[in-house]
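A.B. asks:
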Amino acid sequence: MGVEIKVDGLTKSFGKQLIWGDVSLTIPAGEICVMLGPSGTGKSVFLKTLIGLLKPDRGSIVIEGLDIANCSEKELYEVRKLFGVLFQDGAMFGSMTLYDNVAFPLREHTKKSESEIRDIVMEKMELVGLIGAETKLPGEISGGMRKRAGLARALVLDPEIVLFDEPDSGLDPVRTAFLNQLIVDLNAQIDATFLIVTHDINTARTVPDNIGLLYHKHLAMFGPREMLLSSEEPVVRQFLNAQRVGPIGMSEEKDADELAAEQGQELPPLPPIPLQIEPSNGIARRSQRPPGDWCLEHGVVPPSGSFDQNMSMSTGV
Amino acid sequence: MSSLTSAKVLAPIGTAGKLFAFGLDVARGLFKRPFQLREFLQQAWFIASVTIVPTALVAIPFGAVIALQVGGLIKQFGAQSFTGSAAVLAVVREAGPIATSLLIAGAGGSAIAADLGARKIREELDAMMVLGIDPIQRLVVPRVLATMLVAVFLNGLVSVVGVAGGYFFNVVLQDGTPGAYLASFTALAQLPDLWQGMAKALVFGLIAAIVACYKGMNAAGGPKGVGDAVNEAVVITFMLLFVVNFVMSAIYFQLVPPKTG
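Residue numbers (this note's numbering), protein chains in the order written: chain F, 172 to 488; chain S, 671 to 931.
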């Protein structure tokens with residue numbers, strides 16, 4: 172069914188350096204969310220804080236009534252069983268074969284027999300297309316395969332919440348497209364809450380129901396996909412359309428001179444909003460909304476050419 | 671500025687405190703079930719396999735050097751018949767635990783720190799925690815117990831090989847008599863010597879494993895961080911072990927009166 176994650180006033184710093192402050196958002200149950208942000212804005216730190224690997228300085232993260240920012244170690248280990256996490260490089264256990272890696276959570280947490288475990292593991296391996304590679308060690312396979320194996324392991328305990336740490340980093344465009352389709356299909360199938368941390372614009376534009384943007388030590392915006400894609404907010408607009416003109420510079424923020432130099436520069440028009448990826452079996456996900464629904468509801472006119480079936484995937488440059 | 675200096679000065683105390691806290695976590699993990707028997711056996715075998723041969727090779731010259739040094743000195747006193755007991759005392763009481771600790775820290779500890787450090791930077795430890803498994807209970811406790819077990823066995827190995835090496839050098843090279851070497855065994859040495867050697871080895875194994883695990887699990891900053899962690903683990907273990915060895919020897923002499931031959 173998926174579980175709601177309610178984050179309130181979350182603040183984290185390392186030593187004196189603030190990573191982000193006062194982040195408040197609610198990740199709705201069963202929906203796909205993407206957390207975006209320029210490199211080095213603490214997206215991965217945010218993800219690790221959500222699973223309690225890092226303690227925030229202030230604020231709360233409430234999952235099923237439990238505040239995991241301020242709970243005991245024991246409760247934390249319990250609540251983590253709700254999670255499946257795909258780490259950046261898969262984080263496979265190097266000394267075990269892929270089969271043992273995927274079977275690991277089942278062997279540790281359930282009393283299932285080896286034949287039951289075998290059925291579940293093979294089902295998940297098939298889901299991510301790794302049949303035939305069960306006996307390989309993580310060191311012997313490519314990065315993309317490790318990622319898919321990591322996904323199989325994250326899914327093996329039927330999690331309520333699945334977190335993806337840059338699922339598309341280091342993958343070629345074709346594999347990224349397949350992975351994105353897989354994410355949408357999975358969501359349709361298991362109805363869990365998905366949070367994807369990435370800086371791949373294509374993923375962010377086409378996969379999620381909601382988008383969040385971390386920028387300059389705070390959460391710049393969080394809301395439905397169409398809201399952010401049609402937003403005129405300079406930071407959101409610049410980032411989601413991969414433009415150079417805007418407040419984001421090479422090193423985090425542009426200084427006053429650079430901004431002054433850009434004054435009066437014509438901003439390119441907002442590119443059309445692409446259609447959301449649909450489950451490959453054609454049956455709509457529970458949390459899916461018809462294209463243009465949000466825009467219609469809020470009286471926003473989407474950029475021309477939006478929601479066109481044959482639109483090219485490229486972002487406006 | 672002053673707060674910055676004081677922070678720098680106090681940093682080692684903080685680190686010592688964290689290491690101690692980690693030790694307490696391990697102690698707590700010891701009683702958590704299920705006990706990881708498989709991991710324990712694998713690790714014990716692994717640590718034994720990387721330490722046995724080097725330990726034996728270190729123990730032979732160690733025993734020989736003691737026999738040479740003590741033998742030469744005792745000859746000047748005209749008390750050759752005590753060479754055997756001197757060798758036993760030196761090897762069993764001090765050389766055994768020290769050689770064991772050097773090998774445990776240098777071969778076993780560095781391997782543990784490198785292994786856990788690599789897992790840490792590959793996010794395997796995070797993945798494990800996210801899967802609801804405590805890495806301290808799952809990985810650290812079996813390693814600590816395995817290191818302690820192997821340390822005790824290695825101590826026995828060093829004692830036997832060291833005494834045998836001493837025998838060889840004393841009898842074959844220094845023209846001592848086998849009878850005198852063996853007979854003087856019991857003149858100064860006593861059973862508690864053996865116990866304290868084993869107790870030392872046990873404590874050394876504990877310290878070496880805890881420091882190695884702590885450093886490995888706190889490795890940061892990519893592959894270089896793992897190298898640093900291994901390096902620091904070995905250096906810190908050496909320093910700690912020599913201090914602890916001194917303290918334990920001092921306590922031993924207070925508790926067990928030396929035998930008067």
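Cβ atoms here follow ideal geometry from the backbone N, Cα and C, with glycine treated the same way. All figures in this text were calculated on a predicted structure; none of them were measured in a lab.
Taking contact to mean 3 or more Cβ pairs, one atom from each stretch, closer than 8 Å, check whether the stretch 835 to 842 of chain S and the stretch 258 to 269 of chain F are in contact.
C.D. replies: Counting Cβ pairs under 8 Å, fewer than three are found: no touch.
A.B. asks: Count the other CB atoms, across all protein chains shown, that sit within 10 Å of the CB of G236/F; report buried if there are 16 or more and exposed otherwise.
C.D. replies: Exposed, because fewer than 16 other Cβ atoms sit within 10 Å of the Cβ of G236/F.
A.B. asks: Take L815/S and list the residues in its own chain whose beta-carbon comes closer than 7 Å to its own, dropping the five residues that flank it on each side.
C.D. replies: The answer, listed in chain order, is F710.
A.B. asks: From A274/F to P682/S, what does the alpha carbon distance come to, in whole angstroms?
C.D. replies: Roughly 42 Å between the two C-alpha positions.
A.B. asks: For P731/S, is the classification buried or exposed, using 16 other Cβ atoms within 10 angstroms of its Cβ as the cut-off for buried?
C.D. replies: Classification of P731/S: exposed, given that the 10 Å Cβ count is below 16.
A.B. asks: Determine the burial state of L861/S: buried for a count of at least 16 other Cβ atoms within 10 Å of its Cβ, exposed for fewer.
C.D. replies: So L861/S counts as exposed.
A.B. asks: List the residues of chain S whose Cβ lies closer than 8 Å to the Cβ of G208/F, in chain order.
C.D. replies: In chain order: nothing, as chain S lies at least about 20 Å away.
A.B. asks: Can you pull out the residues from the stretch 791 to 825 of chain S whose beta carbon lies closer than 7 Å to at least one beta carbon of chain F?
C.D. replies: Listed in sequence order: R792, E793, E794, D796, A797, M799, V800, L801, G802, I803, D804.
A.B. asks: Excluding the five sequence neighbours on either side, which residues of its own chain have a C-beta within less than 8 Å of the C-beta of D228/F, listed in chain order?
C.D. replies: If we look at D228/F and ignore the five residues flanking it on each side, its Cβ neighbours are T182, K183, S184.
A.B. asks: Run through DSSP, which three-state label would H280/F get?
C.D. replies: In this structure, H280/F counts as helix in the three-state DSSP scheme.
A.B. asks: Is there contact between the stretch 812 to 826 of chain S and the stretch 710 to 725 of chain S, where contact requires at least three CB pairs shorter than 8 Å?
C.D. replies: Segments in contact, yes.
A.B. asks: For R324/F, which residues in the same chain have their Cβ closer than 6 Å to its Cβ, ignoring the five residues on either side in sequence?
C.D. replies: These residues qualify, in order along the chain: N272, V273.
A.B. asks: Counting contacts by CB-CB distance shorter than 8 Å, is H280/F in contact with chain S?
C.D. replies: It does: the Cβ of H280/F has a partner Cβ on chain S nearer than 8 Å.
A.B. asks: Check each candidate in E404/F, Q459/F, Q447/F, K282/F and name the one with the smallest Cα separation from A348/F.
C.D. replies: When each option's Cα is compared against that of A348/F, the closest is Q447/F.
A.B. asks: Nearest CA to the CA of R456/F: which residue from L400/F, V378/F, L350/F, G303/F?
C.D. replies: Cα-wise, what sits closest to R456/F is V378/F.
A.B. asks: CB L334/F to CB F410/F, shorter than 8 Å?
C.D. replies: No; because the gap between Cβ atoms is not below 8 Å, this pair is not in contact.
A.B. asks: Please go through the same chain and pick out, in chain order, the residues whose beta-carbon is closer than 7 Å to the beta-carbon of P317/F, but skip the five residues on each side of it.
C.D. replies: At residue 317/F the sequence reads Arg, which differs from the Pro that was named. Correct list, in chain order: D260, G261, M263, P309.
A.B. asks: If we define contact as Cβ-Cβ less than 8 Å, is G265/F a contact residue for chain S?
C.D. replies: Yes, its Cβ sits closer than 8 Å to a Cβ of chain S.
A.B. asks: Using DSSP's beta-bridge definition, name the partner residues of R229/F.
C.D. replies: According to DSSP, which records beta bridges pairwise, R229/F is partnered with T182/F.
A.B. asks: My output table needs one value for K295/F: the three-state DSSP class, helix, strand or coil.
C.D. replies: Helix.
A.B. asks: Let me check one thing: in DSSP terms, what residues is G417/F bridge-paired to?
C.D. replies: According to DSSP, which records beta bridges pairwise, G417/F is partnered with nothing at all.
A.B. asks: Confirm the yes/no value for this check: CB of F823/S, any heavy atom of the ligand GTP, distance under 7 Å.
C.D. replies: The ligand GTP is not among the ligands present in this structure, which contains no ligands whatsoever.
A.B. asks: Near I176/F, which residues of its chain fall below 6 Å by C-beta distance, leaving aside the five closest residues on each side in sequence?
C.D. replies: Cβ within range, chain order: I198, I234.
A.B. asks: Check this for me: beta carbons of I372/F and A413/F, under 8 Å apart or not?
C.D. replies: Against a cut-off of 8 Å, the Cβ pair of A413/F and I372/F comes out as a contact.
A.B. asks: Looking at the strands, I want to know which residues DSSP matches up with G383/F.
C.D. replies: Paired residue(s): M206/F, F393/F.
A.B. asks: What in chain S is Cβ-close to D260/F, meaning under 8 Å?
C.D. replies: Result: R792, E793.
A.B. asks: Establish whether the CB of Y270/F and some CB of chain S are separated by less than 8 Å.
C.D. replies: Chain S contact via Cβ: absent.
A.B. asks: Just tell me which of A359/F, C242/F, Q360/F, S340/F has its CA closest to the CA of T369/F.
C.D. replies: It is S340/F.
A.B. asks: Check this for me: beta carbons of V416/F and L438/F, under 8 Å apart or not?
C.D. replies: The answer is yes: Cβ separation under 8 Å.
A.B. asks: R150/F versus chain S: which residues are under 8 Å apart at the beta carbon?
C.D. replies: The question about residue 150/F has no answer here: the residues shown for chain F are numbered 172 through 488.
A.B. asks: Can you name the residues that DSSP bridges to F335/F?
C.D. replies: Looking at the DSSP assignment, F335/F forms a beta bridge with L257/F, I367/F.
A.B. asks: Who are the Cβ neighbours of N915/S in its own chain at under 8 Å, not counting the five residues just before and after it?
C.D. replies: So the list reads E764, P767, I768, S771, K870, F874, once near-sequence residues are dropped.
A.B. asks: Counting only Cβ-Cβ distances shorter than 8 Å, please list the residues of the stretch 179 to 198 of chain F near chain S, keeping chain order.
C.D. replies: For the stretch 179 to 198 of chain F, which is checked against every Cβ of chain S, not one residue is closer than 8 Å.
A.B. asks: Quick check on this structure: which residue in V194/F, G201/F, T306/F has the alpha carbon closest to the alpha carbon of G180/F?
C.D. replies: Out of V194/F, G201/F, T306/F, V194/F has the C-alpha closest to the C-alpha of G180/F.
A.B. asks: According to DSSP, which residues form a beta bridge with F720/S?
C.D. replies: Phe is not the amino acid found at residue 720/S; the sequence shown has Val there. In the DSSP output, where bridge partners are listed per residue, V720/S has none listed.
A.B. asks: Specify, as a first and last residue, the run of the beta strand (DSSP E) that V194/F falls within.
C.D. replies: Element bounds for V194/F: 188 to 198.
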